[in-house]
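Q: Residue numbering for the sequence shown follows my numbering, beginning at 1345 and increasing consecutively. No residue lacks a Cβ here, since even glycine has one placed at the ideal position from N, Cα and C. As the structure is a prediction and not an experimental result, all values here were calculated from the model. Questions regarding the structure given below will be posed in turn.
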Amino acid sequence: MPDRETLEVDVLIVGGGPAGMSAALRLAQLQKAKGGEPLGIAVIEKAREAGAHMLSGAVLDPSALKQLVPDFKEKGAALAAVVHDDRVYFLTRTGRIRFPFTPPPLQNHGNYIISLNRFVKWLSGLVEAEGIDVFTGFSASEVLYDGDRVAGVRTGDRGVDKHGQPKGTFEPGVDIRAKVTILADGVRGNLTKALTRRLALDTGRAPQLYAVGIKELWEVPQDRVAPGTVIHTMGFPLSTQEFGGGFIYAMPDGVLAVGFVTGLDYRDPMFDPHVTFQHFKRHPLVAPLLEGGQMVRYGAKALPEGGWHAIPRVYADGVLIAGDAGGFLNSMRLKGVHLAMRTGMLAAETAFDAIRAGDASAARLEQYERAISASEVRRELYPVRNVHQSFSYGLLAGVAYSGLSLVTGGWWFRDPMPAHAGYERMAKIGEYYRDGAPDPDSPVRPAKIDRQLTFDRLTSVHFAGTRHAEDQPSHLIVHDTDICRTRCRQEYGNPCTRFCPANVYEMVDVGDGTKKLQINASNCVHCKTCDIMDPYQVIDWVPPEGGGGPQYDGM
């Protein structure tokens, strides 16, 4: 068996998203500006190419971009359209009410509609032009420690069969050791999750809250919606006890980004985000925009929406946490890309100074958290620190608090507002449906599927371009499958078969009147919803063999 190689660098960045790429580029800028011994910098990214796993709405606040790349226009930044038209609607089942004015957090004039996939590809090009190595197709499987000090990461082995045995193509992962490791491994990142547990980085913090966004790209007649149009909705098809809303962003050449975001703290165990999205597309506001068009891409991704109080300690000996991995997202503005970039830049500045000082201890790296607190990041996130939590009291309470927070700076009688992890809020099926439990294998609110406007899960997954090697260990680890066929089926009706937007989890007949869990791991679009929302917390999402996953071209 080949020996495991070791690579030594000064700064290792795990994750090639907006936070990781911004950190790498900022390090290169600091090296140029301050000189000294050249730093060894490496970025590792699990996708087979930069940006392939990137999915967002997205409307970009360009503030961080202007700071990082002042001449971004001259350098050909991948910006699809400048926003010129904002609309917000409250939807009923068959009607709509347009807000007479756009609430300040949703005012986007002058911001940019982007494909995050293409934007990150562009950032990656800038990083590589600075001579920094971006290693794509390398998943990070575990954190390396010297005691409790983070010393780098180990990348995943390649060429392992589904039974965990080496194949003829076996290659052991590489140990990449670094003086400072920046974890930018995204929402519910596997390394950040493990590190947080080991070092108790979330002690004294509120639980992180999440949402899942499902998105499609459509090609429609070019004169249907003007590029730069941004539409947000609330209301239907959600009940007043569910958090979320829809979006439609118009790009050039008749391309529409259409999506729906649902809070992963709903009570109804039969709730189905994918079916909800299909109902949204059938609404009289949305359907006419899509009819006659063609869906060309599909994907899903979780979002961290717990706010300021849910951000863990983002430093420890030898390590910093940036971007979605740290929970830096403004759920009121529906934006996180600029905050990911900003925290990536601040992490780079802290890492650079620490290495120059020869001190990467937690005491030294605490400067990162202080820098965040003194920056635009806190000034933006602190006033909206309780927004998502307020919707746990219902739609009207959430809307009222959100409006009030614009005046009070987010103050409330109880601060932070009480919060519970989303999976803890899910009711048992007998408690929620007191008049009789529904059949867990039949949707409570089925959507009509025509494969023109609306789609079943398997058809949707085809448009995600997801690819995984079939003969490899499952990257979706269910620690106790007996729970699935017994307690979970009885108590919750196997909600994984509904909250997964990619048909990964199925309960299949075994011939004796019972069912067992079947995991279709090759369908996975890496949204992390299962890891977040499983009511028993027995599912762990870990990276598959490097390069596997969705291909989010244009998303």
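Based on Cα-Cα distance, which residue from 1676, 1703, 1824 lies nearest to residue 1748?
A: 1676
Q: DSSP three-state label for residue 1714, please.
A: helix
Q: Mind checking whether residue 1425 and residue 1571 have CB atoms under 7 Å apart?
A: yes
Q: Could you compute how far the alpha carbon of residue 1857 sits from the alpha carbon of residue 1787?
A: 20 Å
Q: Do the stretch 1656-1673 and the stretch 1380-1400 meet, that is, are 3 or more Cβ pairs less than 8 Å apart?
A: no
Q: Taking all protein chains shown into account, do 16 or more other C-beta atoms lie within 10 angstroms of the C-beta of residue 1548, making it buried, or fewer, making it exposed?
A: exposed
Q: Can you list, in chain order, the residues of its chain with a C-beta nearer than 6 Å to that of residue 1431? Leave out the 5 residues immediately preceding and following it.
A: 1575
Q: May I ask you to report which of helix, strand or coil DSSP gives residue 1867?
A: helix
Q: Whole angstroms are fine: how far does the CA of residue 1751 sit from the CA of residue 1820?
A: 44 Å
Q: To which residues of the same chain is residue 1687 closer than 7 Å at the C-beta, ignoring the five residues directly before and after it?
A: 1363, 1666, 1667, 1670, 1672, 1716, 1721
Q: According to DSSP, residue 1755 sits in a beta bridge with which residue or residues?
A: BP columns for residue 1755 are empty, so no partner.
Q: Taking all protein chains shown into account, decide if residue 1405 is buried (16 or more other Cβ within 10 angstroms of its Cβ) or exposed.
A: The residue in question, residue 1405, is buried, as its Cβ has 16 or more Cβ neighbours within 10 Å.
Q: Any heavy atom of the ligand GDP inside 6 Å of the beta-carbon of residue 1508?
A: No copy of the ligand GDP occurs in the structure displayed, which carries no ligand at all.
Q: Considering just the uninterrupted stretch of the alpha helix (DSSP H) at residue 1655, what are its terminal residues?
A: Element bounds for residue 1655: n/a, residue is neither H nor E.
Q: Verify whether the separation of the beta carbon atoms of residue 1872 and residue 1532 is less than 7 Å.
A: yes
Q: Assess contact between the stretch 1368-1378 and the stretch 1459-1472, defined as three or more Cβ pairs (one per stretch) separated by less than 8 Å. Is contact present?
A: yes
Q: Using the C-alpha atoms, what's the distance from residue 1866 back to residue 1814?
A: 7 Å
Q: Between the alpha carbons of residue 1662 and residue 1566, how many angstroms are there, rounded?
A: 51 Å
Q: Ignoring anything shorter than 3 residues, give me the beta strand (DSSP E) runs that lie fully in the stretch 1582-1609, in order along the chain.
A: 1588-1595, 1599-1607
Q: Work out the CA separation of residue 1742 and residue 1525 for me, nearest whole Å.
A: 38 Å
Q: Contact defined as beta carbons within less than 8 Å: I believe residue 1550 pairs with residue 1760. What is the distance between those atoms, to the nearest angstrom?
A: Rounded, the Cβ-Cβ distance is 5 Å, consistent with contact.
Q: Rounded to whole angstroms, what is the Cα-Cα separation between residue 1839 and residue 1809?
A: 25 Å
Q: What do you get for residue 1448, buried or exposed, if any count of 16 or more other CB atoms within 10 angstroms of its CB means buried?
A: Residue 1448 should be labelled exposed.
Q: Quick check on the burial criterion: 16 or more other C-beta atoms within 10 angstroms. Buried or exposed for residue 1640?
A: Looking at its Cβ environment, which holds fewer than 16 other Cβ atoms inside 10 Å, residue 1640 is exposed.
Q: Please check the pair residue 1692 and residue 1374, which I expect to be a contact at CB under 8 Å, by giving their CB distance rounded to whole angstroms.
A: 7 Å
Q: Looking at residue 1607: is its Cβ nearer than 7 Å to the Cβ of residue 1538?
A: No, they are not a contact pair.
Q: Rounded to the nearest angstrom, what separates residue 1486 and residue 1674 at their Cα positions?
A: Distance between the alpha carbons of residue 1486 and residue 1674 is about 29 Å.
Q: Can you list, in chain order, the residues of its chain with a C-beta nearer than 7 Å to that of residue 1685? Leave out the 5 residues immediately preceding and following it.
A: Take residue 1685, set aside five residues on each side of it, and the residues of its chain with a beta-carbon closer than 7 Å to its own are 1362, 1363, 1366, 1408, 1409, 1412, in chain order.
Q: So, at 8 Å on beta carbons, what are the nonlocal neighbours of residue 1477 in its own chain, with the 5 sequence-adjacent residues on each side left out?
A: 1385, 1386, 1387
Q: When DSSP builds the beta bridges, which residues end up paired with residue 1510?
A: 1504
Q: Go to residue 1472, then tell me how far its alpha helix (DSSP H) extends in each direction, as first and last residue.
A: For residue 1472, the enclosing alpha helix (DSSP H) starts and ends at 1460-1473.
Q: With distances taken Cα to Cα, identify the nearest neighbour of residue 1612 among 1593, 1582, 1631.
A: When each option's Cα is compared against that of residue 1612, the closest is 1582.
Q: Would you mind sorting residue 1768 into buried or exposed? The rule is 16 or more other CB atoms within 10 Å of its CB.
A: exposed
Q: Is the distance from the Cβ of residue 1422 to the Cβ of residue 1463 below 7 Å?
A: yes
Q: What residue range does the beta strand (DSSP E) around residue 1520 cover?
A: Note, residue 1520: beta strand (DSSP E), 1519-1527.
Q: State yes or no: is the C-beta of residue 1643 within less than 7 Å of the C-beta of residue 1605?
A: no
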